[in-house]
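One line per chain: the protein sequences are A and B, in this order.
Each residue of the first sequence is one higher than the one before, counting from 101 in our numbering.
Each residue of the second sequence is one higher than the one before, counting from 164 in our numbering.
Read through the structure below, which is laid out as structure tokens, and then see the notes.
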Amino acid sequence: MNKPVLTDDLAAPSRRLLLKVGLAAGGGLLVGLAPAFAAAAAADTAILNAYVRIAPDGGVTIAAKNPEIGQGIKTMLPMVIAEELDVDWGAVRIEQAPVDFKAYGAQFAGGSMATPLNYDLMRRVGAAARSLLIAAAALRWNVPTAECDTTPGAVRHTASGRSLLYGALATSAAALPAPDLAKLPLKNPKDFRIIGQSHHGIDSPKVVTGQPLFGIDVVRPGMLYAVFEKCPVFNGTVVSANLDEVKAQKGVRQAFIVKGGSEPAGLRDGVAILADSWWRAQKARKVLKVVWNEGEGAGQSTAGYAARAVELSKQPGTKSLRKDGDTDAALAGAAKVVEAAYAYPFIAHAPMEPQNCTADVRGGKAEIWAPTQTPQSGLALTAKTLGMAEADITVHMTRCGGGFGRRLNNDYMVEAAKISQMAGVPVKLLWSRADDLQHDFYRPAGWHFLKGGLDAQGKVIAWRDHFVSFGDGDKFASSAGMSGTEFPARLVDNCLIEASLMPTQIPTGALRAPGSNALSFALQSFIDELAHAAGQDPVAFRLALLGEPRLVGKAADGLFDTGRARGVIELVAEKSGWDKATLAKGEGMGVGFYYSHRGYFAEVVKATVAADGSVTVNKVWVAGDVGSQIINPTGAETQAQGAVLDGLAQALGQEIVIAGGKAQVENFDGFALLRMPQSCPVEVHFRLTDNAPSGLGEPALPPVAPALCNAIFAATGVRLRRLPVDTELLKRA
Amino acid sequence: MAYRIKVNGKVREADVEADTPLLWVLRDTLDYRGVKFGCGAGLCGACTVHLDGQPVRSCQTPVSRVKDRAVTTIEGVGESAAGKAVQAAWLAHDVVQCGYCQAGQIMSATALVAANHHPSDDDIDAAMGGNICRCATYIRIRAAIKTAAASLAKAG
């Protein structure tokens with residue numbers, strides 16, 4: 101198992117993860133906590149639960165449970181605990197929690213799930229510790245707990261004016277029975293002092309002074325530096341290699357062939373070179389000659405898949421995703437039918453920190469330091485691959501130099517562990533940028549063959565999407581799927597969504613806002629085409645499509661709230677001056693809306709297309725609805741801005757071409773990440789609604805690509821139906 | 164062979180081949196791990212350090228070419244008024260997301276504001292265009308550079 105479990109069971113965590121303190125019976129956490137409790141007590145520090153430690157001097161330490169990949173979670177989740185614990189933020193020390201399922205439940209960074217899964221739980225964790233401190237003070241003063249309250253860092257007895265600092269109460273509080281998490285009173289959000297205020301990244305002072313925080317910075321005594329050469333054709337295997345010549349290179353200590361398995365995200369065949377510095381190991385690769393068995397992947401190419409997709413579009417889809425009403429009949433009776441084919445490419449994640457992992461596997465034990473989004477999955481994969489018990493493996497989470505979904509897979513972790521096991525020494529494995537770009541789990545390419553029918557009033561009466569994607573038989577490849585509920589499904593009476601799947605050897609995986617980051621381009625661009633065909637304003641057309649505020653769909657699929665969708669579209673139209681903007685020649689505005697990862701986002705792009713076809717994005721307006729509370733406003737804004745600029749970069753220039761079964765890319769000159777001159781102002785607005793707070797790493801990304809292409813259409817009349825943007829199509833003679 | 168280079172004011176010695184990039188000498192031999200590896204080809208700027216105050220890509224600078232020029236890394240840049248102002252502005256604007264590229268960004272920004280207390284947007288684009296931030300924190304980087312430059316201008 102090497103994928104995070106993205107549970108949707110949001111009601112469950114606080115009941116399932118009952119925190120127990122001391123020696124009360126029952127509750128999974130007690131088992132994990134008891135030894136730590138004893139050890140810490142000896143050190144004169146009281147553990148109030150897995151997340152909160154209070155020293156006699158009042159020092160409060162809060163554990164941050166999830167991996168930090170730049171999403172700000174190491175700051176945000178402790179803020180939530182600190183709020184309900186009632187302490188001053190400045191007095192809190194934050195520690196990265198160890199990887200420990202028993203103590204912390206699922207620990208991962210993915211799916212924008214940290215907030216939905218943990219917001220309520222972290223509040224209760226903080227409130228539990230506070231209630232224990234109050235109970236301890238009440239016992240000490242021999243007064244009812246109801247007469248006690250807290251001020252930041254202290255319990256106070258209101259009537260007598262007595263007060264005790266948390267540090268003076270901690271040890272006795274830790275001996276009390278734990279409260280029932282589900283029954284704890286929580287603060288009224290109106291009284292929040294920490295939540296809702298901007299708090300800067302807690303490790304930023306270390307970042308700006310260059311302190312070692314990242315996986316790549318880990319150093320272990322006696323370690324060797326490793327590189328790992330895999331077959332450029334995906335899933336190829338090693339036949340032989342000139343290991344003796346490699347071993348003769350300066351600094352090289354070991355070189356050997358590693359035999360992998362067939363699990364897509366597991367250990368694959370390759371050649372490991374270990375040297376006394378990474379540069380020497382990397383240099384030795386220049387003399388490495390491997391005879392590969394390229395296998396069946398060698399024939400595949402993106403051009404071949406594109407041609408095959410067109411062939412498949414002419415046949416009925418083989419997998420039905422949705423069938424409402426009678427789409428064929430509705431199209432036949434429509435006043436106007438619009439038909440278009442959309443396509444988007446494979447793209448890479450390219451986090452700035454290349455994949456790396458440090459592993460020490462000796463004497464039947466393994467210790468691993470890894471920048472990973474899924475440490476628990478990595479641990480399980482390592483145990484399985486190395487034939488070890490999970491109990492014999494310790495994984496340390498390091499700060500990640502970006503995630504974007506790439507580090508949901510732990511291929512580099514299991515490589516480092518295997519290499520260390522075979523070499524018998526601690527090893528720091530580091531990939532080159534070419535390794536990273538050529539051995540990714542790419543955002544899959546996809547093709548949409550769309551048909552829409554309008555009645556005489558311009559209402560959408562039929563929607564048909566034949567989605568050509570990747571998979572085996574009936575099963576979509578990783579992140580290559582589509583649900584039958586993607587907007588505007590559930591809003592059009594006659595709706596047919598079907599898929600045809602092509603088998604592939606190209607590894608695919610989740611990229612920030614998986615699925616949605618690509619689907620939105622095709623679906624929201626096509627909706628724009630329908631709006632223009634109907635002679636309607638694109639914002640008004642979307643609002644008409646949404647209709648009155650209501651919940652649509654089935655609870656089992658997740659309900660869609662047309663009112664929240666309307667709310668963000670109306671807000672972004674207002675903020676961007678949609679109706680009244682005066683535009684220069686070559687300038688256009690476009691809108692996109694998407695619902696993903698529980699977030700409703702509408703965005704407007706203003707862009708200029710020059711005579712040579714070059715595109716300049718002047719500004720983006722964002723309106724988002726992620727529920728009732730923006731927990732850390734500075735973090736929320738920067739996540740939304742980053743997601744928008746990320747989406748613009750994808751649309752403007754990113755594509756991974758596969759030919760001969762190999763990714764045709766070496767470095768950043770062949771894969772365009774956004775740079776300062778292409779950046780633009782991104783104005784972010786949140787609409788607070790009475791819904792549970794949800795995550796922000798992802799949902800701001802999907803609307804921007806279609807908003808950009810719709811802006812380009814508004815500026816030029818050229819409809820872009822393939823990403824990335826082809827400026828040749830935009831040249832004016 | 165052994166090279167003597169001056170890093171953050173201290174003379175350090177590294178016994179490496181002449182073609183070893185300064186990046187790896189700093190990171191793996193001399194333990195300045197704040198300097199980051201991103202591409203190895205001078206395309207991303209994560210490895211930016213100063214040679215006599217000028218920003219260079221340390222992954223493209225063989226150690227043999229450093230000679231007697233002063234190397235400044237992220238660990239030492241805060242010793243200068245410009246570096247200190249840039250680091251403070253980075254914190255004030257909460258620039259950091261993942262933070263991996265920020266050492267390089269700060270080194271490029273420091274060289275810019277040390278030489279130009281009133282950088283225009285075009286100046287910023289020109290000075291920072293070689294530094295990639297995959298999290299795309301550019302909006303805040305731009306604002307932080309202006310803050311740092313203004314504080315230096317005020318200090319004279």
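Built from N, CA and C at the ideal position, the CB exists for glycine as well.
No experiment lies behind these values; they were computed from the predicted model shown.
Nonlocal neighbours in the same chain, by C-beta distance under 7 Å from residue i, ignoring five residues either side
i	result
B/Thr404	Lying before the first or after the last residue shown, residue 404 of chain B is absent from chain B, which here runs from 164 to 319.
A/Val495	Val199, Ile468, Ala470, Pro475, Gly478 and Leu479
B/Gly205	Arg220, Cys222 and Gln223
A/Gln754	Ile447, Phe771, Ala772 and Pro824
A/Ala209	Asn166, Pro167, Ile169, Gln171, Ile173, Gln473 and Gly503
A/Ala534	Glu766 and Asn767
Contact with chain B by residue i, beta-carbon distance below 8 Å
i	result
A/Cys331	no
A/Val307	yes
A/Ile855	Any question about residue 855 of chain A goes unanswered here, given that chain A covers just 101 to 833.
A/His697	no
A/Thr458	no
A/Ala124	Only weak support exists for where A/Ala124 lies, its pLDDT of 22 falling under 50; the value from the coordinates is given anyway. It does not; no Cβ of chain B falls within 8 Å.
A/Trp378	yes
A/Phe314	yes
A/Asp492	no
A/Ala450	yes
A/Val782	yes
8 Å Cβ cutoff, residue i in contact with chain A
i	result
B/Glu176	no
B/Asn279	no
B/Gln260	yes
B/Thr235	no
B/Asp215	no
B/Gln265	yes
B/Cys210	no
B/Glu242	no
B/Ala316	no
B/Tyr301	yes
B/Gly201	yes
Sequence-distant residues of the same chain with beta carbon closer than 8 Å to residue i, five excluded per side
i	result
A/Gly647	Leu591 and Thr662
A/Thr734	Ser298, His299 and His300
A/Gly840	Within the shown structure, residues of chain A are numbered from 101 to 833, placing residue 840 of chain A beyond reach of any answer.
A/Leu651	Leu659, Phe660, Asp661 and Thr662
Sequence-distant residues of the same chain with beta carbon closer than 6 Å to residue i, five excluded per side
i	result
A/Gly761	Val333, Gly397, Ala398 and Gln400
A/Gly159	none
A/Leu264	Ala237 and Val255
A/Cys809	Ser625 and Leu820
B/Asp215	Arg232 and Ala233
A/Thr402	Val757 and Ile758
B/Lys309	none
A/Glu798	Ser212, Arg612, Ala613 and His697
Given residue i as reference, the closest of the options once Cα atoms are compared
i	options	result
B/Thr300	B/Gly201, B/Gln268 and B/Ile237	B/Gln268
A/Ala577	A/Phe587, A/Gly552, A/Arg650 and A/Ala545	A/Ala545
A/Ser362	A/Leu374, A/Gly336, A/Gln349 and A/Lys386	A/Gly336
A/Tyr700	A/His785, A/Ala631 and A/Val192	A/His785
A/His539	A/Arg506, A/His566, A/Leu550 and A/Ala556	A/Arg506
A/Gln354	A/Lys330, A/Ala381 and A/Gly727	A/Ala381
B/Ala318	B/Tyr263, B/Arg303, B/His281 and B/Ala290	B/His281
A/Gly692	A/Ala631, A/Ile493 and A/Glu184	A/Ala631
A/Glu629	A/Lys414, A/Ala407, A/Gly817 and A/Ala656	A/Gly817
A/Val568	A/Leu788, A/Ile194 and A/Met582	A/Met582
B/Gln217	B/Arg303, B/Ala252, B/Asp178 and B/Leu275	B/Leu275
A/Val243	A/Ser260, A/Thr271 and A/Ala326	A/Ser260
A/Gly211	A/Tyr442, A/Asn617 and A/Ala516	A/Asn617
Cβ-heavy atom distance, residue i to the ligand NAD, below 7 Å
i	result
B/Arg167	This structure lacks the ligand NAD, and indeed carries no ligand of any kind.
Practice task
Could you please tell me which residues of the region 755 to 767 of chain A, in chain order, have their CB closer than 7 Å to any CB of chain C?
Solution key: Within the model displayed, chain C is absent; protein chains A and B are what it includes.
Practice task
Check whether the region 307 to 316 of chain A touches the region 183 to 198 of chain B, counting contact only when three or more Cβ pairs, one atom from each stretch, lie closer than 8 Å.
Solution key: yes
Practice task
Just list the beta strand (DSSP E) runs in the region 680 to 765 of chain A, keeping only unbroken ones of 3 residues or longer that don't cross its boundaries, in chain order.
Solution key: 687 to 696, 699 to 709 and 715 to 725
Exercise for the section: Can you check the region 360 to 397 of chain A for any beta strand (DSSP E) of at least 3 residues that lies completely inside it and give the ranges in chain order? Expected result: 370 to 375 and 390 to 393
Practice task
Jot down the residue ranges of each uninterrupted beta strand (DSSP E) in the region 563 to 650 of chain A, minimum 3 residues, whole runs only, in chain order.
Solution key: 594 to 602
Practice task
Take every Cβ of the region 212 to 232 of chain A, pair it with every Cβ of the region 181 to 189 of chain A, and state whether three or more of those distances are shorter than 8 Å.
Solution key: yes
Problem - In chain order, each alpha helix (DSSP H) run of at least 4 residues that lies wholly inside the region 459 to 531 of chain A - result: 475 to 486 and 511 to 523
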